[in-house]
Amino acid sequence: YVNNGKEYVRTSNAFVGSVSKTLEQPDFALVPLKNASLLKVEIINEEEQEGQYINEVKLLEIVHDSQIDVIPDQSGNIFGIVDPLKPRNNEDVLVADDGLSYDFVETESENGLYELTLDFDHVSAADEAKLVLALKNTYWASYVMKEWYGLFGSEIKDIKVRNAKRTAEAQLNWQKEQGITLSVFIKKEGRWVFQDDVNVVGNTIYRDLVVPIDLSGVEGETASVKLVAGFKLWEIDYAGLDYSENSALE
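Residue 1012 is where the sequence shown starts when you use the working numbering, and the numbers rise one by one after that.
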């Protein structure tokens, strides 16, 4: 929560995917500072039976042109975004702050996961682009996980202890297989090439996020991006592709 001078406004969910010690991770929240003389940030634990272990809190100030949006990727790398292109398909749904979203219930793939393909104009000879997403997890995802844990009954505590001992790689691979993470692909020479997995971000507020895209090998007038996730586990409110060079940031 960030105090804007009048009230505390929720800006982000923190550490949503860190459900065990081996999944400890950094997290990043965009905090608007325009016209602010005093910044007050409050971190609240809203889960009564959940402990939060925070090692460090830092504030990183980014100075940039007012025409540039500043959005991080999930590793904390900062990108300047300038007028990203809209997809040629699904354009009516993927417009930010319009109350409409794509929620992965329509196109099922061979492995039982669901897909969203976005076709963008390929207008640059650059080898890199920035996929800009506004996304969150669904309340359905939370419901499914609670019901699934409930199936284990009194054994759930022992299972959580065993899971906590598994490596982060093993736990994240399992999440990917189940469609809990959101996988991003780019089409090159007729085949889909994996780019990155987006970890869970929570279900109460949309998270603005950049996924760097490797365009080397993409030819023709179309850059096709595919998002893959489990049934109704994610909501995509906005998607755009930015070809601009990463603008100077201080």
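For each residue, glycine too, the CB sits at the ideal point set by N, CA and C.
Just so you know, these numbers come straight off a predicted model, no measurement behind them.
Identify whether D1138 lies in helix, strand or coil by the three-state DSSP scheme.
-> coil
Along the chain, where does the beta strand (DSSP E) that runs through I1089 open and close?
-> I1089 to I1092
What span of residues does the alpha helix (DSSP H) with A1181 cover, start to end?
-> A1179 to E1188
Might you give, ordered along the chain, the residues of its own chain that have their beta carbon closer than 7 Å to the beta carbon of I1167, omitting 5 neighbours on each side?
-> Y1160
Is the segment 1218 to 1237 touching the segment 1132 to 1145, taking contact as three or more C-beta pairs under 8 Å?
-> yes
With burial defined as no fewer than 16 other Cβ atoms inside 10 Å of the residue's Cβ, what is the status of L1071: buried or exposed?
-> exposed
V1212 burial status per 10 Å Cβ neighbour count (16 or more: buried) = buried
In angstroms, rounded to a whole number, what distance separates the CA positions of Q1222 and K1237?
-> Sequence check: residue 1222 is Val here, not Gln. When rounded, the distance between both Cα atoms is 12 Å.
Y1113, buried or exposed, once every other Cβ within 10 Å from all chains shown has been counted against 16 = buried
Measure the Cβ-Cβ separation of K1243 and F1115 and say whether it is below 8 Å.
-> yes
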